[in-house]
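Undergrad: Submitted below is the structure of interest, expressed as structure tokens.
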Amino acid sequence: MTLSIYVDGSGGANSGYGFFVNETGESFYENKSDITNNQAEYMAIISVLRKFENSDDEIIIFSDSKNTVNQLNHEFAINNDDLRSLAREAWSLMANFSNLTLTWVPRSKNLAGKMLGS
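According to full-length UniProt numbering, the residues represented by the sequence shown are 1 to 118, in order.
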């Protein structure tokens, strides 16, 4: 089975992150104070990787953060120590998947953003 999982995060006063699984309707959201938009995007992806770590399904993660997607796909450098730490955590989890894709999606097509109200 292929799972299309949409992630989103937001920083600032009302910060948090979450995901939405298109095929099952499962969703997750966590409030997390004092994080940036970029940190929230990373945390959303990490939450998916943890949740589905033992899954044999093909996992496609969709994010509307070009920066985060390109950094985790080793296309952009990571110049922030906090983000570098989150990236290392994500890469460690990503190594456990045999069929994982991380791809950018426009904000207007991000089902997690719609579900999370961003």
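Every residue gets a Cβ at the ideal spot worked out from N, C-alpha and C, and that includes glycine.
1. Beta carbon of residue 49, beta carbon of residue 93: below 8 Å?
2. Nearest-angstrom Cα distance between residue 87 and residue 26?
3. Could you give the first and the last residue of the continuous beta strand (DSSP E) run that contains residue 7?
4. So the alpha helix (DSSP H) residue 48 belongs to, where does it begin and stop?
5. Can you give me the start and stop residues for the beta strand (DSSP E) that residue 69 sits inside?
6. Classify residue 77: buried if its beta carbon has 16 or more other beta carbons within 10 angstroms, exposed otherwise.
TA: Straight from the coordinates:
1. In the sequence shown, counting from the first residue as 1, residue 49 sits at position 49. In the sequence shown, counting from the first residue as 1, residue 93 sits at position 93. Against a cut-off of 8 Å, the Cβ pair of residue 93 and residue 49 comes out as a contact.
2. Position 87 of the sequence shown, counting from 1, holds the residue named residue 87. Position 26 of the sequence shown, counting from 1, holds the residue named residue 26. Answer to the nearest angstrom: the Cα atoms are 25 Å apart.
3. Translated into positions along the sequence shown, residue 7 becomes position 7. Residue 7 -> beta strand (DSSP E) spans 2-10.
4. Here residue 48 corresponds to residue number 48 of the sequence shown, with the count starting at 1. 37-51 is the extent of the alpha helix (DSSP H) around residue 48.
5. Here residue 69 refers to the residue found at position 69 when the sequence shown is read from its first residue. Premise fails: residue 69 lies in the alpha helix (DSSP H), 66-72, not in any beta strand (DSSP E).
6. For this step, residue 77 is matched to residue 77 along the sequence shown. So residue 77 counts as exposed.
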